[in-house]
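One structure is given here, and the rest of the page talks about it.
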Amino acid sequence: MAALPVYVQIPNYYTAQLGLPLATTGLVLFFARMFDTVQDPFIGQLVDKFGSSNRRWIIFSAALLCLTFAGLWLPPAFARDSSTLLLIWLGVMLSLAYTAHSMLNIAYLAWGSSLENPSATKDSQQDTAYHQLLGASAWREAFGMIGVILASIIPSWIILQDKSAATTQLSQYAIGFTVLVMIAICALLIGAARPLRRSVHAVIALGSLLKNAQFVALLRIYFLNSLSVAIPASLILFFINDRIQAPEKTALFLSSYFTAGACGLPLWVKLAKRIGAQLSWQLGMLIAVLSFVGASLLGAGDDYVFLLVCIASGLALGADLALPPVLLTVVVNDKQNMGAYFGLWSLIGKFTLALAGLSLSLLALLSYQPNQVNQTNGLLALTFTYAVLPCAFKLIALFLLRHFSKSISS
């Protein structure tokens, strides 16, 4: 629930609402996200060293996340009085929020992955252990999607209020977030099964991962595809406000997008069982390209057509979430070091989010300014960066995936 507002809502909030320059805000986002990208391996080593079941570790990261989440939405008066101080505040709060979120998320996922391994149990216990792992994963994704939908609706509605009411409601939002996190942490610490202690494998060298040619080819596709998703995610609120000119429907657009993604997940899995993950992912990419081509043709008043774009691109998002990890397990034969492969995979995903932050700086260079609807060149730049540029990245990824599929088949 914390990740979506930070990635999607915060850039628009600090530029359009608090008045920060677009170019410098983009640079702050880039460096904060790069910091988040490079710190994950070190946090993972700390989790392995001190144990994912360490209560103090989880409680500390949850408390830090709540404090920094509130700090992002409610910068103090002294920071609001100066653009420089507000930029510094944004950079510090983002870095701390990313750190806290990574600490908590890695510890939480490590806890789940260290539950009893079905392959290590007796045959009579295998099914029970396997179903426990499936159940934990299913509940995690279900509640995660509920959090994403809530996080797409609430801040969008609050920001539309007048400033005095918005400040009070943002405080209530931060308090509500804290209460939900506290409830979740208490449920985890009290009710969840204790993880097994595992021996720590030696760290695998990055060079040995990159010797797998099929993995590198898939990683290249994943990078381009993730970049095509991350750029629109960073710019969607600007597009809604200034191009579609329907800020009052922001919550509807975002919730439709993520709901379509959630509903699409099982459909893509079923389709992949019939025609294969590669072909299914190609179809998902094609749907996304057609959606954003449609978005590039929209203007003021086309809000219901844009709603269809959100639903279609959200459906394509389901393919991006469900199918690439399946292909990763196909091309990686080194099952003992799957964690290292997934770690690099995750790092690439975060790196694309960092690069997407630079799209704000690109827009500033192309003369776009938020909340100014009478700017022909600026709106053209916004449309190009939001819709056309991601299509180009997606089409290159689609082309590479077709050749990748042929190499896998051969």
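Take the sequence shown: its letter number 237 is residue 252 in my numbering, and every next letter is one higher.
Positions of the beta carbon are idealized from the N, C-alpha and C atoms, including for glycine.
Since this is a predicted model, take the numbers as computed values, not measurements.
Alpha-carbon to alpha-carbon, residue j and residue i
i, j, result
"residue 83", "residue 195", "15 Å"
"residue 266", "residue 169", "7 Å"
"residue 103", "residue 409", "34 Å"
"residue 73", "residue 23", "25 Å"
"residue 245", "residue 367", "7 Å"
"residue 253", "residue 259", "9 Å"
"residue 385", "residue 248", "16 Å"
"residue 37", "residue 250", "11 Å"
"residue 287", "residue 98", "50 Å"
"residue 230", "residue 263", "44 Å"
"residue 279", "residue 238", "22 Å"
"residue 199", "residue 344", "31 Å"
"residue 402", "residue 163", "23 Å"
"residue 243", "residue 206", "39 Å"
"residue 33", "residue 100", "12 Å"
"residue 227", "residue 342", "14 Å"
"residue 167", "residue 158", "14 Å"
N- and C-terminal bounds of the alpha helix (DSSP H) containing residue i
i, result
"residue 343", "339–346"
"residue 97", "No alpha helix (DSSP H) holds residue 97; DSSP gives it neither H nor E."
"residue 277", "265–290"
"residue 15", "Outside the shown range of the chain, which is 16 to 425, sits residue 15, and nothing can be said about it."
"residue 241", "228–253"
"residue 397", "391–398"
Residue i burial status per 10 Å Cβ neighbour count (16 or more: buried)
i, result
"residue 171", "buried"
"residue 48", "buried"
"residue 392", "exposed"
"residue 25", "buried"
"residue 308", "exposed"
"residue 356", "buried"
"residue 201", "exposed"
"residue 27", "buried"
"residue 257", "buried"
"residue 289", "exposed"
Best match in the options for proximity to residue i [C-alpha to C-alpha]
i, options, result
"residue 53", "110, 27, 344, 106", "110"
"residue 339", "93, 43, 233", "233"
"residue 317", "166, 255, 400", "255"
"residue 56", "121, 107, 96, 289", "121"
"residue 324", "304, 315, 337", "304"
"residue 327", "364, 342, 276", "276"
"residue 282", "235, 293, 334", "334"
"residue 236", "413, 35, 96", "413"
Would you check if there are 3 or more beta carbon pairs closer than 8 Å linking the region 184–195 to the region 291–306?
no
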